[in-house]
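Here the structure is laid out as C-alpha cells; the discussion comes afterwards.
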Amino acid sequence: MAIRGVPVVVAILIVLTACVPGASLEGPPDLVVRSQDVSMGLEPVSFCWRPASTNICVEEDQTDPLPNLGTVEGRIQVEWPVEGWTFVAVFVDPLNREDESTLDVDLIELGEGVWALATGAREGFFEIGLFGYGPQ
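Count along the sequence shown starting at 1, add 460, and that's the number in our numbering.
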C-alpha cells in the first residue's frame, strides 16, 4: 500500500561481517538507496569488514544532516553488490528519540543484490537505520 506524503530520512548504519575474497582494504562498497525520485550511494557509517585475512572495524557517528529521500510513496529500493546478505530497517521518530517503540522491518529480497522496503510500515517523518548481515 502506498502512503502519500511520507517524508523519509535515511540514516545508514550497516553491520558487515563477511569474508569477501579480493575485497578492498578500504572497507565495504557503498549501499545504493532509491526512492521513486531519488537515488543515492551511501557509505556505511559503522561496520566490521573482513576482506581476505584482515579485519577492518569502524564506528562513526551519523552524518548531520542525514541523507534525505524526501517524500516517498511506495517503496525504497536497496542495492548491495555482495552475495549472501540480509537487511533489516529500523524506523525511529527523530522528534521522540527517547521513545522505545522503534519498528524493525525485514527487507524483501527482490533478486540478487536488490531489496525493497515498503514505507507503509509507519506514517510520518522517520529516520531509517539499515542494518546488513552477511556470511561469516
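Ideal Cβ placement from N, Cα and C applies to all residues, glycine included. Bear in mind that the values here come from a model prediction, so they are computed numbers and not experimental data.
Are residue i and residue j touching if we call contact CB-CB under 8 Å?
i      : j      : result
PHE547 : GLY592 : yes
LEU526 : SER495 : no
TRP540 : LEU577 : no
Work out the CA separation of residue j and residue i for me, nearest whole Å.
i      : j      : result
TRP509 : PRO489 : 10 Å
VAL532 : VAL538 : 14 Å
LEU570 : VAL518 : 29 Å
TRP575 : ILE536 : 8 Å
CYS479 : PRO504 : For CYS479, the predicted structure reports a pLDDT of 43, less than 50, and the residue's modelled location is therefore unreliable. A value from the coordinates is still provided. One C-alpha to the other measures close to 17 Å.
Out of the options, point me to the one whose CA is closest to residue i's CA.
i      : options                        : result
VAL565 : VAL518, THR579, GLU533         : THR579
PHE507 : GLU520, VAL492, ARG535, TRP575 : GLU520
ASP524 : PRO554, ILE516, TRP575, GLU543 : PRO554
GLU543 : THR514, GLY589, GLY573         : GLY573
ALA549 : ILE516, ASN556, ILE588, THR514 : ILE588
Would you list the residues sitting across from residue i in a DSSP beta bridge?
i      : result
GLY592 : PHE547
GLY487 : In DSSP, GLY487 forms no bridge with anything.
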